[in-house]
Each structure stands twice: as structure tokens, then as C-alpha cells.
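Undergrad:
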Amino acid sequence: MQNRIRMMRWASSLALAPAVLAASSLVVVACSDDKTESFDPTPDASDASVANLPEAAAPTPDGGADVVDSRAPFDPTDQKVACSGAKCVTQLVAGDHHFCARFDDGTVECWGGDDSGALGRGDDPEPASKRVAGLEQITQLSAAGSSTCALSSAGKVSCWGSNSHGQLGQPTDPIFDEERHATPLEVALPGAALRIDVGSGGACAVLASGTHCWGDDTYGQLARQAFGAIESPGPAELGGSPIARTAIGPMTGFALTTTGDLRSFGALSGYEGEQSGRISSISPDPIPATILAGVSSFSVSSHACAIANGVAHCWGRDGRGALCTGLPDPFEQKPRVAATTGVAYPQRITTSGNTTCARMTDGTVQCCGSDDQGQLGRGKAGEFSTFFVAASSFTEQAVDVASGLTTVCALVQDGTVACWGGNGAGELGQGTSDDSAHPTPVKVAF
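For the sequence shown, the residue numbers in mature numbering (1 follows the signal peptide of the UniProt record, and there is no 0) are -30 to -1, 1 to 416.
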């Protein structure tokens, strides 16, 4: 515990520039598949002198050198949805410009942008939330980019949307293409799947017999000894440990073991390996190696973040402060602590584009990164924040949070969904689109 406190204090203190340290007071604050709020005391974005500036300094996680962490132990357990309406969402996922919700009756609806058929409803491109054709008894969803996959109670996996990197898992040519795939296509697997995860570069299904992956294997990100092409589904060599979930990024793959070890493989150095979270003299390398232990939640997009033992860590390209470290560094090769504020722990984390958000153990939401569309949820759009701030305009109890490129949505405990940020493709779920910033949440119309 003492080591964790020292690490968080050290990471936060580095972010304080000398001029800021002399002029600023220190603020203490804190942020379910992979939001609620706390008041943000930073300057009001309406003040012309600060409206286009990033936050001055990162918050410290404690009040002084001798402070002892008296919080209860971190509990990563997901909070359950308590349905209160006729339509009740139990899972929420996000792509770049679309969102999908799984309901308690096993059906799925999607809304937002229909790039490559991302909404899964054939030739109907309306941004309003509508049911995905032919899906029933769905138990889990995953989305990334313009692709989405669904797992049924029978263990069958179906995917739709973009297939530019072979994300749809088709067994025959063309394995990848640039066509629209606007209705779900079943993925041929050697057995019933227990989980499905789709990423920007491919997808993996966890089976009782092992993990099978497909998609772009140019850099060994499918964990196969022979790599270099886009592949159909096949076994991944992940070191023998049972796998809980996976993520296939554009050039690096990740696998989380059931004991909480987060491992990376594929591109490990240079521009291609920016997401890898480790330094290696061998790159690409399809052999997994652990980069963090004690991980309960992680997310990979253009950058990556994970929650390990109740502490957020981020690495990769730091666009607009999306790594939440409070530091000016444009890039972090290895995971660095991203201190949240307040006494609650980060419990679920989501990344997309230049934004990162966390659902806190008290049901609040904290975000960092770009705020030009109001993604940080503070009631007024600003520039960006290099550290976590409370999404203070969200005042309900979140059980999970999902982020698109410019939009953030929270799954509320009562089974509704609240969204804020950009609505250029109808991501707010109102059935319309516009180019305005929306820094205050609105409820998705189901």
C-alpha cells in the first residue's frame, strides 16, 4: 500500500511545473464492460483568459507526505444494472462514431454513424437507435472502429461493419475488403466461444480450448509464430495461461490472463510499437510478455490504459493529454500512473481517439484529453485536460462508460444511457446529427 501511495504521489508531483507549483493549490479528487461526478474546481471555461488553455497542473492523490491511505481495499467487481423501465440496457460498447447496447432480453440496438454498415441494419442509415437484424439471446458485445461483434448464449460469434483488416473473421477470400457489411456474419470457430473482443486491427474469441484470433497479423499481433499477413481465425499462442479477454490494436496485441497479468505482443519498438507498453530489442515479436500485473480493466485505441490494483496507468501517444498523467510528454513507452482525484478508485476504463474516461467505484465519471466537443462532460466545452477531471455535468450513478472519438456515453444504474460530446454522426442517440458541442448529458432515445 505504501509503495502504491508513493508511486501515485511521485507521478503527480512530476506534473507540477515550478511556476505552477508556486502559484497553485493542490487539489484532491477521483473517476463497468469495458460515471457519475465530482465537482471540478478548475477555472470556468467561460473565462476568456483560460478558455483555450489546458489544465495548469495535475491533482495530487493525497494531502501530504505523511498521509496514510485509509480507504477500503479496492474492489474491482462490476456494479449490476437495476432495471427500472420497459427497455433496460445491460451492456454498452462504442466504436469510433457508433454505439451499441445490449438489452436484458438479449437483443441489440445501435446508433450513430453507419460507416461500413456499423449499425448492422442493412440499408437503413438513420442515426437513431434501432435493432440489429437477426440477433437474439446475445450475452456479450464488443466494438471498435466501425466494427462490432456479438456473442450468443449458444457460444456463436457474429460480426458486422468494417472488414478492412479482416475483423469479421471470414474464412475464404476476400478475407478483408472495403465493402459495407451491414448485417451480422457468423464467424466459423472450432467450438463455443466464451468471450469475443474486436479491435481496430482484428478480433479474438476465447474458447474453452484456447484463444482464436483473426485479422491483421503483419507485426505478429495475432500471437502466431508465422506472421506477416491478414489471417482468418486460428489459434493464438498466448503462453498457456487461461485468458480472460484480449485486444488487437493496429500493430500490437494484448491478452489479459485470469490472474490479472496484462501481456503485449506484436510490434514492440519504434512508431509501430508505441502501444506495446514495454521496451524490447526484438520487434516484431509474437511472444507475449507481461507489462502490468493486477489488472482488472484495460482499453486499447490510439493509446492504451489499464487499471491495476485500483490505480490507472496509461501509455502510448499522448494526443491532447489523453494519457492523463499531467505531464507534457507526447509519448510514453511504458505504463505510467495516471492519478485520478478524490477517494474513489477507478474501476472501469475506456479510451478512444484523444479521450480517456474512467468509471469510479462511487459511480462517478472522470475523463481527460480533448474537450473541444464537451467530451469531458463539465457543462462547457473547453480545450483539453492533461489529467483526470470530474464529468461534473453527469449526476447519475454509472455502472460503465464507453467512449467514441468525440463522444462519451455512460450506462446508468437504472438501465438507461446518457451521452455527451460530439453529435456529428448522431452519437448522442437523439435520431439527429449536428456539429455543435454537447458538454451536458442527454438520454439516448430507445
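For every residue, glycine included, the Cβ atom is placed at its ideal position computed from N, Cα and C.
Would I200 and G136 be called neighbours here (beta carbons separated by less than 8 Å)?
TA: Against a cut-off of 8 Å, the Cβ pair of G136 and I200 comes out as a contact.
Undergrad: What are the start and end residues of the beta strand (DSSP E) that includes C284?
TA: It spans V281 to R287 - the beta strand (DSSP E) in which C284 sits, taken as one unbroken run.
Undergrad: Name, in chain order, the residues that DSSP records as bridge partners for H273.
TA: In the DSSP output, where bridge partners are listed per residue, H273 has G286.
Undergrad: With 16 as the cutoff for other CB atoms within 10 Å, does Y315 come out buried or exposed?
TA: By the neighbour-count rule (16 or more Cβ atoms within 10 Å), Y315 is buried.
Undergrad: Per DSSP, what are the beta-bridge partners of residue 417 in this structure?
TA: Because the chain is modelled from -30 through 416, residue 417 falls outside the range shown and cannot be assessed.
Undergrad: Am I right that V102 and V78 are in contact with their C-beta atoms under 8 Å? What's the rounded C-beta distance?
TA: Indeed, because the Cβ distance is near 4 Å, the residues count as touching under 8 Å.
Undergrad: Hey, how far is the Cα of H408 from the Cα of V387?
TA: Distance between the alpha carbons of H408 and V387: 15 Å.
Undergrad: Looking only at its own chain, which residues have a Cβ that is under 6 Å from the Cβ of A152, when we skip the five neighbours before and after it?
TA: Closer than 6 Å at Cβ, skipping near neighbours: G87 and G92.
Undergrad: Closest by CA to A113, which one among G171, S202, L398 and P141?
TA: Taking only the C-alpha atoms, the option nearest A113 is G171.
Undergrad: Just the Cα atoms here: how many angstroms apart are G247 and G55?
TA: Distance between the alpha carbons of G247 and G55 is about 42 Å.
Undergrad: Go through the stretch 279 to 354 residue by residue and report every complete run of the beta strand (DSSP E) that reaches 3 residues or more, in order.
TA: Runs of the beta strand (DSSP E) inside the stretch 279 to 354: 281 to 287, 301 to 307, 316 to 322, 325 to 330 and 335 to 340.
Undergrad: Where does the unbroken beta strand (DSSP E) through P258 begin, and where does it stop?
TA: Per DSSP, P258 belongs to the beta strand (DSSP E) from D255 to L262.
Undergrad: Does the Cβ-Cβ distance between A309 and C275 come in under 8 Å?
TA: No, they are not a contact pair.
Undergrad: Is the separation between the beta-carbon of V382 and that of Q400 shorter than 8 Å?
TA: Taking 8 Å as the Cβ cut-off, V382 and Q400 do not qualify as a contacting pair.
Undergrad: For a quick check, are the C-beta atoms of A292 and T326 less than 8 Å apart?
TA: Yes; because the gap between Cβ atoms is below 8 Å, this pair is in contact.
Undergrad: Helix or strand or just coil, what does DSSP make of D186?
TA: Looking at D186 - three-state DSSP - the assignment turns out to be strand.
Undergrad: Measuring alpha carbon to alpha carbon, tell me which residue in R287, S322 and G323 is nearest R306.
TA: Nearest option by C-alpha distance: R287.
Undergrad: Tell me, which residues are paired with A163 by DSSP?
TA: DSSP lists L177 as partners of A163.
Undergrad: Whole angstroms is fine: what's the gap from S234's alpha carbon to P258's?
TA: Computed Cα separation, rounded: 5 Å.
Undergrad: State the Cα-Cα distance for the pair G339 and Q317, rounded to the nearest angstrom.
TA: Rounded to the nearest angstrom, the two C-alpha atoms are 19 Å apart.
Undergrad: Looking at the unbroken beta strand (DSSP E) that takes in T60, where does it start and where does it end?
TA: Per DSSP, T60 belongs to the beta strand (DSSP E) from V59 to A64.
Undergrad: Would C238 pass as a contact of D255 if the rule is Cβ separation under 8 Å?
TA: Rather than Cys, the amino acid found at residue 238 in this sequence is Leu. A contact, by the Cβ cut-off of 8 Å.
Undergrad: Quick one: what does DSSP say E242 is sitting in, helix, strand or coil?
TA: Reduced to three states, the DSSP call for E242 is helix.
Undergrad: Q195: buried (16+ other C-beta within 10 angstroms of its C-beta) or exposed?
TA: Under this definition Q195 is an exposed residue.
Undergrad: Could you check whether Q336 and T376 sit closer than 8 Å to each other, using their CB atoms as the reference points?
TA: In this structure, Q336 does not lie closer than 8 Å to T376 by Cβ.
Undergrad: Could you tell me the boundaries of the beta strand (DSSP E) in which E201 lies?
TA: From DSSP, the beta strand (DSSP E) with E201 extends over I200 to P205.
Undergrad: Could you tell me whether the Cβ atoms of D48 and V369 are closer together than 8 Å?
TA: Yes, these two residues count as a Cβ contact at 8 Å.
Undergrad: By how many angstroms is the C-alpha of F268 removed from the C-alpha of T321?
TA: Taking the straight line from one Cα to the other gives about 9 Å.
Undergrad: My guess is that I166 and A173 are in contact by the Cβ rule of under 8 Å, so how many angstroms apart are they, rounded?
TA: Their Cβ separation, rounded to whole angstroms, is 7 Å, which keeps I166 and A173 in contact under 8 Å.
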